[in-house]
Amino acid sequence: AIATGVAGISIEDASPDPAHPLRTLDDAVARVRAARRAIDASGEDVLLIGRAENFFVGRPDLDDAITRLRAYAEAGADCVYAPGITNREQIEAVVAAVAPRPVNLLVGSALPFTLQDIAGMGVRRVSVGGAMARTAWGGMMRASQLLMDEGRFDGFADAASGAVLNQLFR
């Protein structure tokens, strides 16, 4: 992956085993260490993110997530991430527990914070996941529905012009 020119690599601790949805801590730490060694050996400037998937796999244990994030930071992760934490108390607890390591936060429209609020909590990186793509698909679906139901084209009113898109992709 490094040879392709990636900017970052996320190492998740989710397991493919539904009975044990999280990898053991030892296994997860070994994976982060292996990624760190590969990045260092490459000489490339690649960000390594250690992810604690507790909240995504139905094991919303903040203490365990923090234990995992600390271990990933110690194993060489440049940034840590517990997708699924959503309230101020959880966010601030993670930031405090792994400081000075930067924390990433998954954000979306349901999160009641602004980017400034999140930065004020100490978060240094945000991910929007698939929200941008879902936003684009939502616009296309609304415009299509309007065209099918009412025969109207004004659902395209907010579309970016071809000239703007061409400029972006130069």
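With this note's numbering as the guide, the letters of the sequence shown map in order to residues 565 to 734. Just so you know, even glycine gets a beta-carbon here, dropped at the ideal spot from N, CA and C. What you are looking at is a predicted structure, and each value in this text was computed from that prediction instead of being measured.
*C-alpha distance - residue 657 paired with residue 716, whole-angstrom precision*: As a working mapping, residue 657 is identified with position 93 in the sequence shown. As a working mapping, residue 716 is identified with position 152 in the sequence shown. Going by the C-alpha atoms only, they are around 50 Å apart.
*Of the listed residues 664, 572 and 610, nearest to residue 687 (C-alpha basis)*: In the sequence shown, the residue the question calls residue 687 occupies position 123. Out of 664, 572 and 610, 664 has the C-alpha closest to the C-alpha of residue 687.
_Alpha carbon of residue 600 to alpha carbon of residue 620, nearest angstrom_ = If you number the sequence shown from 1, residue 600 lands on position 36. If you number the sequence shown from 1, residue 620 lands on position 56. Those two C-alpha atoms are separated by around 24 Å.
*Count the C-beta pairs between the segment 573-585 and the segment 610-624 that are closer than 8 Å, then say yes if the count reaches three, no if not.*
yes
*Relative to the C-alpha of residue 613, which residue among 597, 673 and 567 is closest?*
Position 49 of the sequence shown, counted from the first residue, corresponds to residue 613. If we check each option's Cα against that of residue 613, 597 comes out closest.
_Suppose the cutoff is 6 Å on Cβ atoms and the five residues either side in sequence are ignored; what does the same chain contact list for residue 645 look like?_
On the sequence shown, residue 645 is found 81 positions in, with the first residue counted as 1. Here the set comprises 613, 615 and 668.
*Straight-line CA distance for residue 643 to residue 703?*
In the sequence shown, counting from the first residue as 1, residue 643 sits at position 79. In the sequence shown, counting from the first residue as 1, residue 703 sits at position 139. Whole-angstrom Cα-Cα distance: 33 Å.
*What did DSSP end up calling residue 576 once you bin it into helix, strand or coil?*
Start at 1 with the first residue of the sequence shown, and residue 576 comes out as number 12. If DSSP states are grouped into helix, strand and coil, residue 576 belongs with the strands.
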